[in-house]
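Here is the structure we will look at.
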């Protein structure tokens, strides 16, 4: 073994034990061991620093939802984004970000004085706000229904898409309050959609988060058998959540951060924070039972479990960093939000938690339940399970593979698309307005396509658009309001904006029009974003797999098990997508789960869920294999590594998986579809990964590969940093 020190330190030497009546022991060992001992020794300074940080960041945290950006679902540089920018610059803001106010009456037509008064009051609301541009009254034949009972007032966008969503947040109450006397007022359009959509999702996430805390605490108490030990992971996670919320608000002052970043960060901070704390606290209690000195126990814990947590955290960050390749602000900042939350949770795990453990010492076991006295870090049940797998590896390996492959097969037929109006609650004004427009003006009326062309090509563009299959109506060319050399046309498709045929209609329209004509509008923006997500998915998968393998290789210094650990993680990911297809596309169990299937998975799902599932899977891989490698380094016996790896990490993996499944499945109770998708897909992925991969297939692979699992060529050992998981 090379003698050079790694970033994490050469771990060949450990901590000395303190003899009664002597000074505190001198801690020798790796960087993490020494850092852990420093945190435990100077706990008050650590508490003070975290208190200052939490007060500073916590002051901004309550405004996280109102501060963060509500839009950003676009493919930067796409044709549809160009159209929106041209519309805002030259056509009074009549772009996809404009707000459409649907005014409807069953008994009056739009020309009725009472309806005109409502339209005038709505116009006054918009003209008083500088974020809105030109206000266009309902026009017969274009924005008034054939029966005359429904009209659409268009308020142009004079600000960024994020500011337009905020404007709707602030004004939609005032606008809907204009309803009365048989006249309904419904703000709709893309900006209003994201306003209602974000609010519904945020409320659902908060509700699920609050429900998950008591469930999580109950699982933690069962896992630790101690109220104090069980509470530590929750306190650690709370610190990470507060810090990440405040951090996102501050980061939003530099660049717009999607409010969805906080939604995902909340979920991941809770799940991973508990995961890491479980591993650390379990190892600390074991070290404390053997030595008795809290400072030495903290050092030993950080020297072993701490290193696994660091490598796991790096794996999560690396996996999510691949998502930054997608040229979509909302998608990128969602990844940034999770990465920020993971960074704060990791920082708390490496500094605050060691300080708390060092201060508590034996009191970490306070509030122990009766059954806790029978618990030990080395689980006899998981040791027996490891021996069973060692004696009969093939039946368990084949059984796991059959289940995972069977669940993976449906994923081959998975369809993806951007969310439809069905993801918004039925009582949301934007959905009511959408359905009114559709009922009064045709299926495709809520999703008009916008065409911008040079004035010289106005007639040829209009003729080509009218001749395109799938286009029901084309409005006359409208000259630019600033006198520039552009015209705008509105093309109404004959299908719902979320219909599968919409993509073909857009492609035909773009190919039929003159070369300088550009096609945009809300449906086009969704389709362009979906195309970007589809294009980048193979790249992201490749980057994540390559970086995941490299991190495992550096951590374990064993190419065979690094390859196997990476490959088997794909099985649980594929199986989770197979289940997602059965539930969310085919609708199996939709009645039980309380949703109407869209016939596809939300378009951002494959990119994000792959990164998140793979990150979680590698999290457990690091926990299991680092423990197994520790025992292999100490014994040189692959059977000991395989069996003792399970005996010492099995309970922690099972408890961590139970917590994650509970956390994720609580989000399945949400009414909006996106949190439900997140909760069920991630929960199923963790369940499958923990049961069939980490506790069966990966240990069996260790059994079947024997010494070869841990072999490394001399040239590779020379170039890799020297990382050891054993503790002397």
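Numbering (my numbering), first residue to last: -6 to 721. Note that CB positions come from ideal geometry on N, CA and C, so glycine has one too.
- Work out the CA separation of residue 700 and residue 634 for me, nearest whole Å. 10 Å
- Item | Range covered by the alpha helix (DSSP H) that runs through residue 694 | 691 to 698
- Query: For residue 466, does the three-state DSSP call read helix, strand or coil?
  - Reply: strand
- Task: For residue 78, count neighbouring Cβ atoms within 10 angstroms of its own Cβ and tell me buried if that reaches 16, exposed if not.
- Result: exposed
- Message: Just to confirm, is the Cβ distance from residue 451 to residue 480 under 8 Å?
- Response: yes
- Task: Put residue 595 into one of helix, strand or coil per three-state DSSP.
- Result: strand
- Item | Pair within 8 Å by beta-carbon distance, residue 181 and residue 426 | yes
- Task: Determine the extent of the alpha helix (DSSP H) in which residue 518 is found, giving its start and end residues.
- Result: 515 to 549
- Task: Kindly provide the ranges of any beta strand (DSSP E) runs that are 3 or more residues long and lie completely inside the region 461 to 508, ordered along the chain.
- Result: 464 to 467, 479 to 486
- Query: If you check the beta carbons only, do residue 53 and residue 239 fall under 8 Å apart?
  - Reply: yes
- Message: Check for me: the beta strand (DSSP E) holding residue 180 runs from which residue to which?
- Response: 176 to 181
- Please state if the CB of residue 703 and the CB of residue 556 are separated by a distance shorter than 8 Å. no
- Message: Looking at the secondary structure, which residues open and close the beta strand (DSSP E) in which residue 93 lies?
- Response: 92 to 98
- Item | Distance between residue 49 and residue 327 (C-alpha atoms, nearest Å) | 23 Å
- Nearest to residue 56 by alpha carbon, out of 416, 397, 244, 560? 244
- Item | Terminal residues of the beta strand (DSSP E) in which residue 729 lies | Residue coverage of the chain in this structure runs from -6 to 721, which leaves residue 729 outside it and unanswerable.
- Message: Quick check: is any heavy atom of the ligand PLP less than 7 Å from the C-beta of residue 145?
- Response: Among the ligands in the structure shown, none appear at all, so the ligand PLP cannot be discussed.
- Helix, strand or coil: which one does DSSP assign to residue 282? helix
- Message: Checking 8 Å against the spacing of the C-beta atoms, do residue 430 and residue 684 come in under that value?
- Response: no
- Going by alpha carbons, who is nearest to residue 101 out of 318, 137, 83, 84? 137
- Message: Considering only their Cβ atoms, is the gap separating residue 522 from residue 457 smaller than 8 Å?
- Response: no
- Hey, which unbroken runs of the alpha helix (DSSP H) at 4 residues or more fall wholly within the region 337 to 401? 346 to 353, 373 to 384, 386 to 401
- Query: Hey, which unbroken runs of the alpha helix (DSSP H) at 4 residues or more fall wholly within the region 117 to 184?
  - Reply: 154 to 169
- Spatially closest choice to residue 280 from 296, 267, 265, by CA coordinates: 296
- Query: Buried or exposed: residue 256, going by 16 or more other Cβ atoms within 10 Å of its Cβ?
  - Reply: buried
- Task: Any chance you could list the alpha helix (DSSP H) runs of at least 4 consecutive residues sitting entirely within the region 629 to 672, in chain order?
- Result: 631 to 660
- Tell me which same chain residues have a C-beta within less than 6 Å of the C-beta of residue 287, skipping the five on either side of it? 351, 354
- Inter-stretch contact at 8 Å, needing at least 3 Cβ pairs: the region 179 to 194 / the region 406 to 418: yes
- Query: Of the choices 436, 476, 453, whose alpha-carbon is the least far from that of residue 491?
  - Reply: 436
- Query: Run through DSSP, which three-state label would residue 617 get?
  - Reply: helix
- Query: Smallest Cα separation from residue 357: which of 378, 270, 440, 401?
  - Reply: 270
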